[in-house]
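Engineer: First the structure, then my questions, so here it is.
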Amino acid sequence: MRLRALLETDALGLRLLGGEDELDRTVRGVMTTDLRDPSRYLSGGELVLTGLAWHRDPEDSEPFVRILAGAGVAGLAAGEAELGDIPADLVDACRRHRLPLFAVHETVAFATITEHVVRQVSGERAGDLAAVVDRHRRLMTSGPAGGGPEVVLDLLTSDLDLRAWVLSPTGRQIAGAGAPLPARLGAVLAGHHLAATRTGRRAPHRAVVAGTTYSLFPIRNTGRGAVPAARDVRESVLSDWLLAVEADASDWPAARLDLLQGVTQLIAVERDRRDAARTVRRRLAQEVLELVQAGAAPAEIAARLRVAAPVLLPGLGVAPQWQVVVARVDWSTADRAAAAGDIASGPVAQALLEEILVDPAVSGPDSADRIAVAHTGEEAIALVPLPTAPESGERAEGAAADGGDAEALHGEPGLHADALLASVREPLSAGLADDGRLTLGVSAAVHSAEGLRGALEEARHARRVAAARPGRVCAAGHHELASHVLLLPFVPDDVRRAFTARLLDPLRDYDRRHRAELIETLEAFLDCDGSWTRCAARLHLHVNTLRYRVGRIEQLTGRDLARLEDKLDFFLALRMS
Numbered sequence: 001m002r003l004r005a006l007l008e009t010d011a012l013g014l015r016l017l018g019g020e021d022e023l024d025r026t027v028r029g030v031m032t033t034d035l036r037d038p039s040r041y042l043s044g045g046e047l048v049l050t051g052l053a054w055h056r057d058p059e060d061s062e063p064f065v066r067i068l069a070g071a072g073v074a075g076l077a078a079g080e081a082e083l084g085d086i087p088a089d090l091v092d093a094c095r096r097h098r099l100p101l102f103a104v105h106e107t108v109a110f111a112t113i114t115e116h117v118v119r120q121v122s123g124e125r126a127g128d129l130a131a132v133v134d135r136h137r138r139l140m141t142s143g144p145a146g147g148g149p150e151v152v153l154d155l156l157t158s159d160l161d162l163r164a165w166v167l168s169p170t171g172r173q174i175a176g177a178g179a180p181l182p183a184r185l186g187a188v189l190a191g192h193h194l195a196a197t198r199t200g201r202r203a204p205h206r207a208v209v210a211g212t213t214y215s216l217f218p219i220r221n222t223g224r225g226a227v228p229a230a231r232d233v234r235e236s237v238l239s240d241w242l243l244a245v246e247a248d249a250s251d252w253p254a255a256r257l258d259l260l261q262g263v264t265q266l267i268a269v270e271r272d273r274r275d276a277a278r279t280v281r282r283r284l285a286q287e288v289l290e291l292v293q294a295g296a297a298p299a300e301i302a303a304r305l306r307v308a309a310p311v312l313l314p315g316l317g318v319a320p321q322w323q324v325v326v327a328r329v330d331w332s333t334a335d336r337a338a339a340a341g342d343i344a345s346g347p348v349a350q351a352l353l354e355e356i357l358v359d360p361a362v363s364g365p366d367s368a369d370r371i372a373v374a375h376t377g378e379e380a381i382a383l384v385p386l387p388t389a390p391e392s393g394e395r396a397e398g399a400a401a402d403g404g405d406a407e408a409l410h411g412e413p414g415l416h417a418d419a420l421l422a423s424v425r426e427p428l429s430a431g432l433a434d435d436g437r438l439t440l441g442v443s444a445a446v447h448s449a450e451g452l453r454g455a456l457e458e459a460r461h462a463r464r465v466a467a468a469r470p471g472r473v474c475a476a477g478h479h480e481l482a483s484h485v486l487l488l489p490f491v492p493d494d495v496r497r498a499f500t501a502r503l504l505d506p507l508r509d510y511d512r513r514h515r516a517e518l519i520e521t522l523e524a525f526l527d528c529d530g531s532w533t534r535c536a537a538r539l540h541l542h543v544n545t546l547r548y549r550v551g552r553i554e555q556l557t558g559r560d561l562a563r564l565e566d567k568l569d570f571f572l573a574l575r576m577s
């Protein structure tokens with residue numbers, strides 16, 4: 001409301017003493033004080049009510065008014081009950097600081113003014129924003145988006161003094177008003193939201209991070225791909241957006257909560273539009289995947305890739321390289337009414353993979369427009385194009401934030417499993433809770449249609465390697481398929497224990513009794529490729545001492561470390577132990 005409206009309400013008994021030119025100031029609240037310095041309780045925009053108990057001599061007015069003006073209050077209303085007429089020095093101080101000053105008749109209680117201002121401010125804010133939201137909803141459902149979620153978030157900030165951000169399931173900022181939310185904070189809030197949703201707590205969810213309280217509202221997917229409300233929560237928890245508001249909504253009135261729910265529904269409409277825009281890319285990926293799996297001729301697959309390239313990399317001008325990423329979400333059945341097989345994991349894995357492949361350093365919902373993800377059965381399969389021109393200096397859209405370091409490490413362009421999940425592991429682990437797992441495999445880059453089938457199988461094998469590892473969120477890349485580590489995860493636990501015990505237990509027992517460090521010696525000897533001089537130097541031993549230890553190892557195990565087969569057995573036993 002405006003200050004001018006206060007003078008037009010006779011029941012308030014206000015008389016203007018100065019500040020005629022400032023009556024269009026907006027009143028955002030009211031505060032009563034008789035403190036000499038009330039600055040700690042002021043945030044700006046208040047109508048300050050005072051009984052003048054702080055006023056003892058004329059010198060008191062100037063510092064009091066200066067504090068109010070510095071805090072950005074809308075105006076000052078002084079009661080006449082204590083001193084009668086308002087002191088002239090207070091009127092002069094308000095005039096100097098351009099602060100509107102009202103006199104409150106002695107028959108009017110401050111509580112009357114407070115109640116009137118609070119009622120007017122709350123009603124106007126909620127009514128104005130609700131009307132704008134309603135208009136904006138009609139625009140977004142019947143025509144162009146009209147600015148997207150940012151417009152609504154700007155209104156929340158300007159009309160309700162609420163800072164808010166739209167976040168993806170992993171905490172990536174999709175929209176926001178004002179300063180962007182730090183990436184780490186977004187991930188923490190997303191983790192809070194996913195954990196609360198999995199436990200069945202009623203939204204909005206309350207999260208306190210570094211002393212600041214946030215309220216988290218789910219943004220449900222209401223489009224064609226939405227999951228019916230009666231379905232298992234695990235089918236949607238990893239794909240829903242959320243609205244994070246910097247405020248504690250636990251004590252909000254029902255009207256304000258309803259208003260925020262309306263905002264989330266409006267943003268959900270925009271999310272549906274974004275999902276609809278992915279339809280073409282998803283269809284392209286599905287067509288290529290079906291051709292590859294059916295063993296179609298490379299020429300036919302190449303023709304389909306030529307159609308996909310301009311959509312995914314507009315203006316590229318040359319045929320790109322391609323990578324394949326395979327993801328799967330698995331749920332256990334423990335303590336669940338629904339069997340894991342009844343949960344539609346394929347679409348969830350598809351939406352989740354589209355999110356994971358977005359560069360977390362790029363905000364906004366359009367940053368995934370180069371990612372094509374299909375799903376078949378319980379798997380999601382991404383077809384990721386990579387520009388072939390390294391001099392462009394641009395990383396493929398969808399690489400992880402530290403993907404550049406991974407490229408330098410491996411000497412190859414594109415996505416790398418060791419970096420892909422770094423920024424999303426924490427929030428996704430919260431959403432998977434104790435009964436879900438996400439496993440992901442990444443292929444090498446291929447340059448032609450002939451290599452695409454091999455890339456798909458390579459990504460699937462890498463995902464199986466990831467699935468054999470402990471943890472809720474695991475990934476593996478094609479580099480690991482050319483190593484013995486591909487085989488080790490698939491060795492049954494009882495075989496591992498028997499194999500390592502047969503070779504290493506005699507050495508461990510001897511080390512416990514004699515502190516001989518035979519295990520350490522064996523590891524160093526194999527790591528130095530059987531070189532006596534290098535191994536002795538590493539262990540700071542004389543070569544003769546090293547020969548004695550190796551001889552003791554051979555005596556205790558009945559093996560010969562001069563033979564390649566025995567060296568290999570020891571090497572694998574150490575790796576599996």
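Residue numbering for the sequence shown follows the numbering used here, starting at 1 and increasing by one per position.
Just so you know, even glycine gets a beta-carbon here, dropped at the ideal spot from N, CA and C.
Any Cβ of chain D within less than 8 Å of the Cβ of ASP511?
Structural biologist: The structure shown contains no chain D; it is built from a single protein chain.
Engineer: Are the Cβ atoms of ASP240 and ILE267 separated by less than 8 Å?
Structural biologist: To locate residue 240, count along the sequence shown from 1; it is residue 240. To locate residue 267, count along the sequence shown from 1; it is residue 267. Contact: no.
Engineer: So, at 8 Å on beta carbons, what are the nonlocal neighbours of SER507 in its own chain, with the 5 sequence-adjacent residues on each side left out?
Structural biologist: One-based indexing of the sequence shown puts residue 507 at position 507. Looking at the sequence shown, residue 507 is not Ser but Leu. Contacts found: LEU518, ILE519, LEU522, ILE553, LEU556 and THR557.
Engineer: Let me know the secondary structure DSSP gives ALA374 once reduced to three states.
Structural biologist: Here the question's residue 374 lines up with position 374 in the sequence shown. Strand, per DSSP.
Engineer: Starting from the Cα of HIS97, find the closest Cα among ALA374, LEU156, ALA69 and GLN120 and give me that residue.
Structural biologist: In the sequence shown, counting from the first residue as 1, residue 97 sits at position 97. Considering only alpha carbons, the answer is ALA69.
Engineer: Mapping DSSP to helix, strand and coil, what is ALA77?
Structural biologist: The sequence position of residue 77 within the sequence shown is 77, counting from 1. ALA77 falls in the strand class under three-state DSSP.
Engineer: Can you tell which of VAL73, GLU62, VAL117 and CYS94 has its C-alpha closest to the C-alpha of ALA5?
Structural biologist: On the sequence shown, position 5 is the one that residue 5 refers to. Here the closest residue by C-alpha is VAL117.
Engineer: From this set, LEU242, HIS461 and LEU16, which residue's C-alpha is nearest LEU101's C-alpha?
Structural biologist: Your numbering for residue 101 matches position 101 in the sequence shown. Closest by alpha carbon: LEU16.
Engineer: To the nearest angstrom, how far is the alpha carbon of HIS479 from that of LEU357?
Structural biologist: Locating residue 479 in the sequence shown gives position 479, where the first residue counts as 1. Locating residue 357 in the sequence shown gives position 357, where the first residue counts as 1. If I take the Cα positions, the gap works out to 19 Å.
Engineer: Give the DSSP-derived three-state secondary structure of MET1 in the structure shown.
Structural biologist: For the purposes of this step, residue 1 is taken as the residue at position 1 of the sequence shown. Looking at MET1 - three-state DSSP - the assignment turns out to be coil, as it is neither helix nor strand.
Engineer: Is the Cβ-Cβ distance between LEU216 and ALA244 less than 8 Å?
Structural biologist: Here residue 216 refers to the residue found at position 216 of the sequence shown. Here residue 244 refers to the residue found at position 244 of the sequence shown. The answer is yes: Cβ separation under 8 Å.
Engineer: Quick test of your reading: VAL325 and VAL280, contact by CB under 8 Å. State the CB separation rounded to the nearest angstrom.
Structural biologist: For this step, residue 325 is matched to residue 325 along the sequence shown. For this step, residue 280 is matched to residue 280 along the sequence shown. So it is not a contact: roughly 19 Å between Cβ atoms.
Engineer: Applying the criterion that 16 or more other CB atoms from any shown protein chain within 10 Å of the CB defines a buried residue, is PRO169 buried or exposed?
Structural biologist: As a position in the sequence shown, residue 169 is number 169, starting the count at 1. Buried is the call here.
Engineer: Just tell me which of VAL152, ALA276 and ALA187 has its CA closest to the CA of GLY176.
Structural biologist: Within the sequence shown, numbered from 1, the residue matching residue 176 stands at position 176. Selected option, being the one with the closest Cα: VAL152.
Engineer: Between the Cα of ASP493 and the Cα atoms of GLY451, ASP434, ALA468 and PRO298, which residue gives the shortest distance?
Structural biologist: Along the sequence shown, one-based indexing puts residue 493 at 493. Here the closest residue by C-alpha is ALA468.
Engineer: Out of ASP511, PRO385 and LEU167, state which residue places its alpha-carbon closest to the alpha-carbon of GLY321.
Structural biologist: As a position in the sequence shown, residue 321 is number 321, starting the count at 1. The sequence as given places Gln at residue 321; Gly does not occur at that position. It is PRO385.
Engineer: Hey, out of GLY211, GLY171, SER236 and THR212, whose CA is closest to GLY200's CA?
Structural biologist: In the sequence shown, the residue the question calls residue 200 occupies position 200. Nearest of GLY211, GLY171, SER236 and THR212 to GLY200, Cα basis: SER236.
Engineer: Suppose you measure from the CA of THR197 to the CA of ALA327; what does that come to, to the nearest Å?
Structural biologist: On the sequence shown, position 197 is the one that residue 197 refers to. On the sequence shown, position 327 is the one that residue 327 refers to. Going by the C-alpha atoms only, they are around 23 Å apart.
Engineer: Would you mind giving the Cβ-Cβ distance between GLN173 and LEU162, rounded to the nearest angstrom? I have them listed as a contact below 8 Å.
Structural biologist: In the sequence shown, the residue the question calls residue 173 occupies position 173. In the sequence shown, the residue the question calls residue 162 occupies position 162. With 8 Å as the limit, GLN173 and LEU162 do not qualify as a contact, their Cβ atoms being about 16 Å apart.
Engineer: Here's the rule: buried if 16 or more other CB atoms are within 10 angstroms of the residue's CB, otherwise exposed. What is PRO253?
Structural biologist: The count along the sequence shown starts at 1 and reaches residue 253 at position 253. PRO253 comes out exposed.
Engineer: CB ALA449 to CB LEU541, shorter than 8 Å?
Structural biologist: What you label residue 449 is simply residue 449 of the sequence shown in a count that begins at 1. What you label residue 541 is simply residue 541 of the sequence shown in a count that begins at 1. Their beta carbons are not under 8 Å apart, which means ALA449 does not touch LEU541 by this criterion.
Engineer: Could you tell me whether the Cβ atoms of GLY44 and ALA71 are closer together than 8 Å?
Structural biologist: Walking along the sequence shown from the start, residue 44 turns up at place 44. Walking along the sequence shown from the start, residue 71 turns up at place 71. Closer than 8 Å, so yes.
Engineer: For ILE301 and LEU452, which I take to be in contact (beta-carbon distance under 8 Å), what is that distance rounded to the nearest angstrom?
Structural biologist: Looking up residue 301 in the sequence shown gives position 301. Looking up residue 452 in the sequence shown gives position 452. At roughly 6 Å, the Cβ-Cβ gap stays under 8 Å, so ILE301 and LEU452 are in contact.
Engineer: Cutting at 8 Å between CB atoms, please list the residues of its own chain near ASP24, excluding the five before and the five after it.
Structural biologist: Sequence index remark: in the sequence shown, residue 24 carries index 24 (1-based). Only ARG2, LEU3 and ARG4 meet the Cβ criterion.
Engineer: Can you give me the start and stop residues for the alpha helix (DSSP H) that ASP418 sits inside?
Structural biologist: In the sequence shown, counting from the first residue as 1, residue 418 sits at position 418. Note, ASP418: alpha helix (DSSP H), 417–420.
Engineer: Using the C-alpha atoms, what's the distance from PRO38 back to ALA203?
Structural biologist: For this step, residue 203 is matched to residue 203 along the sequence shown. For this step, residue 38 is matched to residue 38 along the sequence shown. Their Cα atoms are separated by approximately 36 Å.
Engineer: Please name the residue in ARG437, ALA285, ALA276 and ALA562 whose C-alpha comes closest to that of SER345.
Structural biologist: Here residue 345 refers to the residue found at position 345 when the sequence shown is read from its first residue. Nearest C-alpha to SER345: ARG437.
Engineer: Grab me the residues of ARG559's own chain with a C-beta within less than 8 Å of its C-beta, minus the 5 sequence neighbours each way, in chain order.
Structural biologist: Translated into positions along the sequence shown, residue 559 becomes position 559. These residues qualify, in order along the chain: LEU503, ILE553, ASP566, ASP569 and PHE570.
Engineer: Could you check the C-alpha separation between ASP248 and ARG256 for me, to the nearest Å?
Structural biologist: Here residue 248 refers to the residue found at position 248 when the sequence shown is read from its first residue. Here residue 256 refers to the residue found at position 256 when the sequence shown is read from its first residue. C-alpha separation (whole angstroms): 12 Å.
Engineer: Just the C-alpha distance for ASP60 and ASP85, rounded to the nearest angstrom, thanks.
Structural biologist: The residue labelled residue 60 in the question sits at position 60 within the sequence shown. The residue labelled residue 85 in the question sits at position 85 within the sequence shown. Rounded to whole angstroms, ASP60 to ASP85 spans 16 Å at the Cα level.
Engineer: Taking VAL121 as the reference, which of LEU47, ARG563, LEU432 and ALA276 has the closest Cα?
Structural biologist: The residue labelled residue 121 in the question sits at position 121 within the sequence shown. Nearest of LEU47, ARG563, LEU432 and ALA276 to VAL121, Cα basis: LEU47.
Engineer: May I have the straight-line CA-CA distance separating ILE113 from ASP92, to the nearest angstrom?
Structural biologist: What you label residue 113 is simply residue 113 of the sequence shown in a count that begins at 1. What you label residue 92 is simply residue 92 of the sequence shown in a count that begins at 1. Using only the alpha carbons, I get a separation of about 24 Å.
Engineer: Return the CA-CA distance between TRP331 and VAL473, expressed in angstroms with no decimal places.
Structural biologist: Within the sequence shown, the letter at position 331 stands for residue 331. Within the sequence shown, the letter at position 473 stands for residue 473. Rounded to the nearest angstrom, the two C-alpha atoms are 13 Å apart.
Engineer: Based on the DSSP output, what are the partners of GLN321 in its beta bridges?
Structural biologist: As a first step, residue 321 is located in the sequence shown; it is residue number 321 there, counting from the start. For GLN321, which the question treats as bridged, DSSP gives the partners LEU386.
Engineer: Can you have a look at THR50 and say buried or exposed, based on whether 16 or more other CB atoms are within 10 angstroms of its CB?
Structural biologist: Locating residue 50 in the sequence shown gives position 50, counting from the first residue. Buried is the call here.
Engineer: Rank ALA459, VAL543 and SER429 by C-alpha distance to the C-alpha of HIS193 and give the top, closest one.
Structural biologist: Within the sequence shown, numbered from 1, the residue matching residue 193 stands at position 193. Of the listed residues, the one whose Cα sits closest to HIS193 is SER429.
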